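Participant: There's a structure below that I have some questions on.
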Amino acid sequence: MGRTKRPRDSKKDGSMKKESKKGVWTAEEDRRLAQVVEIHGSKKWESVASKAGLNRCGKSCRLRWMNYLRPNIKRGNISDQEEDLILRLHRLLGNRWSLIAGRLPGRTDNEIKNYWNCHLSKKINQKQMPITIPKADLERTKALENDHEDGSEEGTSRGVGESDVSFHLGELLDFSSEVPLDMEWVTKFLETDEGLCQFS
DNA sequence: AACAACCTCAACCGCATCAGA
DNA sequence: GTCTGATGCGGTTGAGGTTGT
Numbered sequence: 001m002g003r004t005k006r007p008r009d010s011k012k013d014g015s016m017k018k019e020s021k022k023g024v025w026t027a028e029e030d031r032r033l034a035q036v037v038e039i040h041g042s043k044k045w046e047s048v049a050s051k052a053g054l055n056r057c058g059k060s061c062r063l064r065w066m067n068y069l070r071p072n073i074k075r076g077n078i079s080d081q082e083e084d085l086i087l088r089l090h091r092l093l094g095n096r097w098s099l100i101a102g103r104l105p106g107r108t109d110n111e112i113k114n115y116w117n118c119h120l121s122k123k124i125n126q127k128q129m130p131i132t133i134p135k136a137d138l139e140r141t142k143a144l145e146n147d148h149e150d151g152s153e154e155g156t157s158r159g160v161g162e163s164d165v166s167f168h169l170g171e172l173l174d175f176s177s178e179v180p181l182d183m184e185w186v187t188k189f190l191e192t193d194e195g196l197c198q199f200s
C-alpha cells in the first residue's frame, strides 16, 4: 500500500536493545524473511532475524510474518458473515483478538483489532445509543449476567473492557438463524476448561 | 484547488506469560 | 524455586489516503 512510517523513538524493551531498523518493510526484507522462515521455521525469531541478515528485532520479524507474509492470509473485505462472527466472538471473549482471529481462517489478530476499532465499535455505539431496552428485558439480562458473573472473563488480565455490551447468552449462542458457518467450535469451546470457566 | 477532518492499517510499545537453564 | 531471555498479545500511534467543505 506504500505507506511509509517514520520509526518512533525506541524505548527500553528487552528485544529492542541493539539499534534495530524500524518502520515500513521493504520488498527485499520481506523476501529475505520469508525465505529464512521457510527454511528454519517460524520460531526463534531473534535467530530468524539474524539469519535473514535483517537489522530488525525478532519481534518485528514475527509481527511482519504473522500479519503479512504468512501463507493463506486473507486480505481486505471482511464479509458480513465474518463480521457477524467477530461480533459474536467479541461478546463472548472480549478483546482477545488472537482467540477471535483463530476462529477466522486467514485473518490476523491485528486486522480484526483494527477492524473492530474503526468499524464495529462505532457500529455498536451507534446501535446502543438510541436503544431503550425494555425493563423486563433488562432485568432478565441482569439475572443472566449475575448467573454467569464469575465466568465473566476475569481471567483476562486486560482487555475485555469494551465487552460491557449487555447480551443474552441464549441469543448469543443461538446460531439457528444463520447460514451454517462451521460453528462446532462454539460447542467445543464451551466444553473446554476455558469455555466452562467462563460460563459456570 | 486548497485545506481540514476523518479513516485505515502497518507497525511499535509495554506488559504478561512461557520455557529453558 | 528463581532468573532470564524469548515470545505472544492487546493497546496505541501516526503516515498516508479519502472525503467533505
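Just so we're aligned: 185 in UniProt numbering is position 185 of the first sequence, and the numbers increase by one with no gaps anywhere. In this text, a Cβ means the ideal position worked out from N, Cα and C, and glycines have one as well. Fair warning: this is a prediction, and the values are worked out from it, not measured in the lab.
Give a yes or no on whether the C-beta atoms belonging to L104 and L85 are separated by under 9 Å.
Facilitator: Locating residue 104 in the first sequence gives position 104, where the first residue counts as 1. Locating residue 85 in the first sequence gives position 85, where the first residue counts as 1. The answer is yes: Cβ separation under 9 Å.
Participant: Check whether the Cβ atoms of W45 and R32 sit closer than 9 Å, and answer yes or no.
Facilitator: Numbered from its first residue, the first sequence carries residue 45 at position 45. Numbered from its first residue, the first sequence carries residue 32 at position 32. In this structure, R32 does not lie closer than 9 Å to W45 by Cβ.
Participant: Distance, Cα to Cα, Q81 vs R88?
Facilitator: Locating residue 81 in the first sequence gives position 81, where the first residue counts as 1. Locating residue 88 in the first sequence gives position 88, where the first residue counts as 1. Distance between the alpha carbons of Q81 and R88: 11 Å.
Participant: Does the beta-carbon of E28 have 16 or more other beta-carbons within 10 angstroms, so that it is buried, or is it exposed?
Facilitator: Here residue 28 is taken as the residue at index 28 of the first sequence, counted from 1. Its Cβ having fewer than 16 others within 10 Å, E28 is exposed.
Participant: Out of C57, V37, N55, I112, which one is the CA nearest neighbour of G94?
Facilitator: Walking along the first sequence from the start, residue 94 turns up at place 94. Ranking C57, V37, N55, I112 by Cα distance to G94 puts I112 first.
Participant: Evaluate V24 with the Cβ neighbour count: other Cβ atoms within 10 Å of its Cβ, from every protein chain shown; 16 or more gives buried, anything less gives exposed.
Facilitator: For the purposes of this step, residue 24 is taken as the residue at position 24 of the first sequence. It counts as exposed.
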